[in-house]
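For reference, the structure discussed in these notes is given below.
Protein chains: 2
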Amino acid sequence: MPSKLPNSSSKINRNFKLTIEYDGANFCGWQIQKNGERTVQEELEKACARIFKHRVHVVGSGRTDSGVHAAGQVVSFKAETRMNPLEIQKALHSRMPNDIAILEVKEVPADFHAQYSVREKTYRYTILNRAHRSAFLRQHAYFYPYPLNMIRMRQAARFLTGRHDFRSFQAHDPLRAERGTVRTIRQITIRKEKDLIHIDITANGFLYKMVRNISGTLIAIGSGQVPLENIATILKAKSRSAARDTAPAHGLCLLRVKY
Amino acid sequence: MPSKLPNSSSKINRNFKLTIEYDGANFCGWQIQKNGERTVQEELEKACARIFKHRVHVVGSGRTDSGVHAAGQVVSFKAETRMNPLEIQKALHSRMPNDIAILEVKEVPADFHAQYSVREKTYRYTILNRAHRSAFLRQHAYFYPYPLNMIRMRQAARFLTGRHDFRSFQAHDPLRAERGTVRTIRQITIRKEKDLIHIDITANGFLYKMVRNISGTLIAIGSGQVPLENIATILKAKSRSAARDTAPAHGLCLLRVKY
Numbered sequence: 001m002p003s004k005l006p007n008s009s010s011k012i013n014r015n016f017k018l019t020i021e022y023d024g025a026n027f028c029g030w031q032i033q034k035n036g037e038r039t040v041q042e043e044l045e046k047a048c049a050r051i052f053k054h055r056v057h058v059v060g061s062g063r064t065d066s067g068v069h070a071a072g073q074v075v076s077f078k079a080e081t082r083m084n085p086l087e088i089q090k091a092l093h094s095r096m097p098n099d100i101a102i103l104e105v106k107e108v109p110a111d112f113h114a115q116y117s118v119r120e121k122t123y124r125y126t127i128l129n130r131a132h133r134s135a136f137l138r139q140h141a142y143f144y145p146y147p148l149n150m151i152r153m154r155q156a157a158r159f160l161t162g163r164h165d166f167r168s169f170q171a172h173d174p175l176r177a178e179r180g181t182v183r184t185i186r187q188i189t190i191r192k193e194k195d196l197i198h199i200d201i202t203a204n205g206f207l208y209k210m211v212r213n214i215s216g217t218l219i220a221i222g223s224g225q226v227p228l229e230n231i232a233t234i235l236k237a238k239s240r241s242a243a244r245d246t247a248p249a250h251g252l253c254l255l256r257v258k259y
Numbered sequence: 260m261p262s263k264l265p266n267s268s269s270k271i272n273r274n275f276k277l278t279i280e281y282d283g284a285n286f287c288g289w290q291i292q293k294n295g296e297r298t299v300q301e302e303l304e305k306a307c308a309r310i311f312k313h314r315v316h317v318v319g320s321g322r323t324d325s326g327v328h329a330a331g332q333v334v335s336f337k338a339e340t341r342m343n344p345l346e347i348q349k350a351l352h353s354r355m356p357n358d359i360a361i362l363e364v365k366e367v368p369a370d371f372h373a374q375y376s377v378r379e380k381t382y383r384y385t386i387l388n389r390a391h392r393s394a395f396l397r398q399h400a401y402f403y404p405y406p407l408n409m410i411r412m413r414q415a416a417r418f419l420t421g422r423h424d425f426r427s428f429q430a431h432d433p434l435r436a437e438r439g440t441v442r443t444i445r446q447i448t449i450r451k452e453k454d455l456i457h458i459d460i461t462a463n464g465f466l467y468k469m470v471r472n473i474s475g476t477l478i479a480i481g482s483g484q485v486p487l488e489n490i491a492t493i494l495k496a497k498s499r500s501a502a503r504d505t506a507p508a509h510g511l512c513l514l515r516v517k518y
């Protein structure tokens, strides 16, 4: 009997990193739901199981809620395969619904983990700020028809930048055991492009619904419902009831994740 | 009995012009269908009937097919009402599904007719030209992953500009009695913005599916499937079979209508 050639037919357990985009409008968020609702994780795991002929557990950089979008979500998974990244990308694409796009597939060292290896993430909250709503942006921007003072919003944002206990901006989630409530916001930029206001927040990590709670509070400050000075009190209170309403999910998008 | 004050309770038959935006993805086009499918015209007529308490016939500047979008469709209708345009806009908005937005309501002279009074219209055909598709643009741009030569496309477009018999770019439609097949294309601009190619066509009128047929032909010329020189033969043939495939509906948007 001929001796087996090295690697000729042996399968390799390899680690892959995907960068993906999804339109959250018709998903019940990232994470697989017990009730079988449509989720991004489930679509990916179903496709991987078919491609690699074994069960695959895919890990996202973090969960996104129902209705939240991602322009650069990062996912990692281990698979027994000899396919190269481009082949995997094509195979995945052909099995994805058209509201998920696979932007990139890379092979990564075994210790890379899409969630634990995160260095920083950037989320964008988008507000449509004009008199009439938009048929096109109905699922991608929060329609807010009242005047917003950008200067006050930026001042409040500057106050939140840095290392703080963000408990006032954390929603309760029984499924999450948060590792404390101190995070570092590296940058908040608030830009206006025609009728759209983009709030981009980069941090080393986010508490549950933190971006939507900060955005809701910045909107309340911009509209004058909450005085700018209150931002200090809200942050110091370390209580969710101190901050303002959570801005709606459909205005939120995970822009990018750095490792 | 006191004499009636002028106009105190008499209703006025007035003519209104709406500018509206709609996301065509979930509509079976503009025109009311016999089978009861969801159309923009029907949504507007239903809402008008409720607001004005009488049947209202709304006229669009032209039909748009299933899946085609509009950023500036113009609509006219006559109604017996004493409401002012802003009140009508609000009343309509509150009754519209969120994939239709009422951008403007104006009162216009009795002889204004959204279809017959058109001077020119501009349509945009959008192509997503990159290696991977987009989750966000899946219903708003035609995904074409192969190289397109913009110079050749622009040369072909220049050839089509002006007054011509566009029969080669007309789809057969038993419901339409076209007034001849000669139209004047005032301008075609082809611009690339990152991964998107926009083909904007302005004309005094369009034949059925003319923009999608021209776009399909320009794509075939840009990709090299059809030599640039053939554009003259295609136009002269005055036969639909001479031109190329109709580009898909979801890449098309009615940008604006001038009167």
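So the sequences go chain by chain: A and B.
Note that my numbering has the first sequence beginning at 1, numbered continuously upward.
Note that my numbering has the second sequence beginning at 260, numbered continuously upward.
Cβ coordinates follow ideal geometry from the N, Cα and C atoms, glycine included.
{"query": "What residues from chain A crowd round Phe-465/B, counting only those whose CB sits closer than 9 angstroms?", "result": "Those do not exist, as Phe-465/B stays about 22 angstroms from chain A at its closest Cβ, beyond 9 angstroms."}
{"query": "State yes or no: is the beta carbon of His-285/B nearer than 8 angstroms to at least one beta carbon in chain A?", "result": "It is worth fixing the name first, because residue 285/B is Asn in this sequence and not His. Not closer than 8 angstroms to any Cβ of chain A, the Cβ of Asn-285/B fails to qualify, so no."}
{"query": "Measuring CB to CB, does Asp-504/B end up less than 8 angstroms from Gly-475/B?", "result": "yes"}
{"query": "For the beta strand (DSSP E) containing His-69/A, name the first residue and the last one.", "result": "69-80"}
{"query": "Give a yes or no on whether 8 angstroms exceeds the smallest Cβ distance from Thr-246/A to chain B.", "result": "no"}
{"query": "Can you find at least 3 beta carbon pairs, one from the region 32-52 of chain A and one from the region 232-244 of chain A, that sit closer than 8 angstroms?", "result": "no"}
{"query": "Can you check whether the C-beta of Leu-362/B is within less than 8 angstroms of a C-beta belonging to chain A?", "result": "yes"}
{"query": "State the Cα-Cα distance for the pair Gln-374/B and Gly-321/B, rounded to the nearest angstrom.", "result": "6 angstroms"}
{"query": "Would Tyr-401/B be called buried (16 or more neighbouring beta carbons within 10 Å of its own) or exposed?", "result": "buried"}
{"query": "In chain A, which residues lie less than 8 angstroms from Ile-359/B when you measure between Cβ atoms?", "result": "Ala-135"}
{"query": "Tell me which residue opens and which closes the beta strand (DSSP E) that Ile-221/A is part of.", "result": "Counting along the chain, Ile-221/A falls outside any beta strand (DSSP E), though it belongs to the alpha helix (DSSP H) covering 210-223."}
{"query": "Please name the residue, chosen from Leu-255/A, Asn-84/A, Asp-200/A, Val-211/A, that lies closest to Asn-13/A on a Cα-to-Cα basis.", "result": "Asn-84/A"}
{"query": "Under 8 angstroms Cβ-Cβ, which residues of chain B neighbour Glu-21/A?", "result": "Ser-393, Ala-394, Phe-395"}
{"query": "What separation, rounded to the nearest whole angstrom, lies between the Cα atoms of Ile-100/A and Phe-311/B?", "result": "44 angstroms"}
{"query": "Find the nearest neighbour of Ala-249/A within the set Ala-203/A, Asp-111/A, Lys-209/A, judged by alpha-carbon distance.", "result": "Lys-209/A"}
{"query": "Report yes if the C-beta distance between Glu-120/A and Asn-213/A is below 8 angstroms; otherwise report no.", "result": "no"}
{"query": "Exposed or buried, what is Tyr-405/B when buried is set at 16 or more other beta-carbons lying within 10 Å of its beta-carbon?", "result": "exposed"}
{"query": "Among Val-470/B, Ala-338/B, Trp-289/B, Glu-296/B, which one has its Cα closest to the Cα of Phe-275/B?", "result": "Ala-338/B"}
{"query": "Thinking C-alpha only, which one of Phe-428/B, Thr-420/B, Arg-426/B is nearest Arg-445/B?", "result": "Thr-420/B"}
{"query": "Could you check the C-alpha separation between Asp-282/B and Asp-111/A for me, to the nearest Å?", "result": "45 angstroms"}
{"query": "To the nearest angstrom, report how far apart Thr-448/B and Leu-455/B are at their CA atoms.", "result": "13 angstroms"}
{"query": "Can you tell me the Cα-Cα spacing of Leu-513/B and Lys-293/B, whole angstroms?", "result": "24 angstroms"}
{"query": "Helix, strand or coil: how does DSSP classify Leu-407/B here?", "result": "coil"}
{"query": "Given this structure, state the Cα-to-Cα distance separating Phe-77/A from Ile-361/B, to the nearest angstrom.", "result": "46 angstroms"}
{"query": "Could you say which of Gly-67/A, Ala-49/A, Leu-18/A lies nearest to Gly-29/A if we only look at CA atoms?", "result": "Gly-67/A"}
{"query": "Alpha carbon to alpha carbon, what distance is there between Met-412/B and Thr-440/B?", "result": "23 angstroms"}
{"query": "Closer than 6 angstroms by C-beta to Ala-25/A: which residues in its own chain qualify, once you throw out the five before and the five after it? Chain order, please.", "result": "Gln-139"}
{"query": "Note down, in chain order, each residue of its chain lying with its Cβ closer than 7 angstroms to the Cβ of Thr-184/A, except the 5 sequence neighbours on either side.", "result": "Gly-162, Arg-163, Ala-203, Asn-204"}
{"query": "Would you say Leu-263/A and Ala-157/A are within 8 angstroms of each other, going by their C-beta atoms?", "result": "The structure shown does not extend to residue 263/A, since chain A is modelled only from 1 through 259, so no value can be given for it."}
{"query": "Indicate whether Leu-228/A and Val-105/A have their beta-carbon atoms separated by less than 8 angstroms.", "result": "no"}
{"query": "For Pro-356/B, which residues of its own chain have a beta-carbon under 7 angstroms away from its beta-carbon, when the five flanking residues on both sides are left out?", "result": "Glu-302"}
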